[in-house]
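Chemist: Chains as they are written, first to last, in our numbering: chain A, 11 to 324; chain B, 3 to 102.
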């Protein structure tokens, strides 16, 4: 199968960063692109939800969220006892890995479009729903009953921070408007999506390159964790997707969601609620190791896993 | 209005503290302040400003010595331990304040 071209923009950004090119995406363009991508993904999810919503999805949701909670609960002891990290650092990294990445998901969607594979569009809802539980668990693991937590500020940041707010807002607009109502906006929000994602990935490549330079400081353990953890999480996602009877595309997207680590909502939330955790470790692992791994190797691998489990199941 | 001696307190910190400071500074008696985006390097590494999550802000507050002291104490107590920040102050002369 051919390489998904948007991924090459990430590689280009990565190369620019590593080769010290003077390429820099202005902050306001990065902001504008991220607003656009979040709204577009939200709208797409809302429209699909309006087409596909059934009461049975509620039960699916419980299982999907319930299984996802295992991710930070498994990651924490591994980081704490195997990696010998401080409690706050282990909890913060666990929260990042339990939470999800919108861009990884989007690349999964682009990959499926390239492969002409259908998927359950309502899975986009879980981009929102999977963000929060892991963050709350991360804070509780860090505190373990001791010390005060700025819950109010943290939850405000999570729910009213740009990412969840726009995803959820776009989803509501898409749901209310339905496919016909949204049709006039298709050109802007759906047709241009991949181009915008490409430029955004160029910037992500630059940012990740900055993180790669610090990799030595993280140590071998964290790099290994950043690769093994998403594969384990994706295996869980593949199993859950198969149990729920999702399509191959849907199973792969769920695996990608589980495998992805947040580097936008989680860092902000952890900085507020667990400020003693070193953000360099968690963002470094999530953005410097796991994000590149997921988009370059992970997504094709999760696709293969989804195909395989469906073949065996059949 | 004649010239007036005041303190200029400058705080350079992680941009995520901006919304907190906006809420807290007026409460501490700082009636006005100016916030600008900043980048640079320090003990917490390079803060490139290219990415929202690792950008800095610079907050300038012109106020009397008492308010400046209160702000410094508040920030030391709440944020100094865990956040990247630097504070410094100097005497300044206010030449004009536009009439309301």
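Idealized CB from N, CA, C, for every residue including glycine.
Just to confirm, are residue 48 of chain A and residue 112 of chain A a CB contact at a threshold of 8 Å?
Modeler: Translated into the one-based positions of the first chain, residue 48 of chain A becomes position 38. Translated into the one-based positions of the first chain, residue 112 of chain A becomes position 102. Taking 8 Å as the Cβ cut-off, residue 48 of chain A and residue 112 of chain A qualify as a contacting pair.
Chemist: Against chain B, which members of the stretch 117-143 of chain A pass a CB distance test of less than 9 Å?
Modeler: So the list is empty, because no residue satisfies the distance condition.
Chemist: Cβ of residue 84 of chain B less than 8 Å from any chain A Cβ?
Modeler: Taking the first residue of the second chain as position 1, residue 84 of chain B is located at position 82. Residue 84 of chain B counts as touching chain A.
Chemist: State yes or no: is the beta carbon of residue 96 of chain B nearer than 8 Å to at least one beta carbon in chain A?
Modeler: Within the second chain, the letter at position 94 stands for residue 96 of chain B. Closer than 8 Å: no.
Chemist: Let's test the definition: count the other Cβ atoms within 10 Å of the Cβ of residue 96 of chain B and tell me whether it reaches 16, buried, or not, exposed.
Modeler: Here the question's residue 96 of chain B lines up with position 94 in the second chain. Answer is exposed; the Cβ neighbour count stays below 16.
Chemist: Which two residues bound the contiguous alpha helix (DSSP H) that contains residue 307 of chain A?
Modeler: Stepping through the first chain from its first residue, residue 307 of chain A is reached at position 297. Run containing residue 307 of chain A: none; DSSP gives neither H nor E here.
Chemist: Please confirm whether residue 14 of chain A has its beta-carbon closer than 8 Å to some beta-carbon of chain C.
Modeler: Looking at the structure shown, chain C is missing, and the protein chains on hand are A and B.
Chemist: Rounded to whole angstroms, what's the CA-CA distance from residue 315 of chain A to residue 301 of chain A? Just pull it up for me.
Modeler: Numbered from its first residue, the first chain carries residue 315 of chain A at position 305. Numbered from its first residue, the first chain carries residue 301 of chain A at position 291. Their backbone Cα atoms lie some 19 Å apart in a straight line.
Chemist: Would you identify the three-state DSSP class for residue 9 of chain B, choosing helix, strand or coil?
Modeler: One-based indexing of the second chain puts residue 9 of chain B at position 7. Reduced to three states, the DSSP call for residue 9 of chain B is strand.
Chemist: List the residues of chain A that residue 89 of chain B touches, going by C-beta distances under 7 Å, in chain order.
Modeler: For the purposes of this step, residue 89 of chain B is taken as residue 87 along the second chain, with counting starting at 1. Simply none; closest approach about 17 Å.
Chemist: Whole angstroms are fine: how far does the CA of residue 71 of chain B sit from the CA of residue 78 of chain B?
Modeler: Your numbering for residue 78 of chain B matches position 76 in the second chain. Your numbering for residue 71 of chain B matches position 69 in the second chain. Residue 78 of chain B and residue 71 of chain B: Cα-Cα distance of roughly 11 Å.
Chemist: Helix, strand or coil: which one does DSSP assign to residue 63 of chain A?
Modeler: Here residue 63 of chain A refers to the residue found at position 53 when the first chain is read from its first residue. Looking at residue 63 of chain A - three-state DSSP - the assignment turns out to be coil, as it is neither helix nor strand.
Chemist: Return the residue from the list B:59, B:90, B:83 and B:85 that minimises the CA-CA distance to residue 74 of chain B.
Modeler: Stepping through the second chain from its first residue, residue 74 of chain B is reached at position 72. Measuring from the Cα of residue 74 of chain B, the nearest candidate turns out to be B:90.
Chemist: Could you list which residues in chain B have their beta carbon closer than 7 Å to that of residue 302 of chain A, in chain order?
Modeler: The residue given as residue 302 of chain A occupies position 292 in the first chain. Result: empty, since nearest Cβ-Cβ is about 15 Å, beyond 7 Å.
Chemist: DSSP three-state label for residue 93 of chain B, please.
Modeler: In the second chain, counting from the first residue as 1, residue 93 of chain B sits at position 91. Residue state, collapsed to three classes: strand.
Chemist: With DSSP collapsed to three states, give me the class of residue 44 of chain B.
Modeler: In the second chain, counting from the first residue as 1, residue 44 of chain B sits at position 42. Here residue 44 of chain B sits in strand by DSSP.
Chemist: With a threshold of 8 Å between beta carbons, is residue 278 of chain A in contact with chain B?
Modeler: Residue mapping note: residue 278 of chain A aligns to position 268 of the first chain, counting from 1. Cβ-Cβ to chain B under 8 Å: yes for residue 278 of chain A.
Chemist: On the CB-based measure, 16 or more other CB atoms within 10 Å of its CB, does residue 8 of chain A come out buried or exposed?
Modeler: Chain A is shown from 11 up to 324; residue 8 of chain A falls before or after that span and cannot be answered.
Chemist: Are any of the Cβ atoms in chain A nearer than 8 Å to that of residue 18 of chain B?
Modeler: On the second chain, residue 18 of chain B is found 16 positions in, with the first residue counted as 1. Residue 18 of chain B counts as touching chain A.
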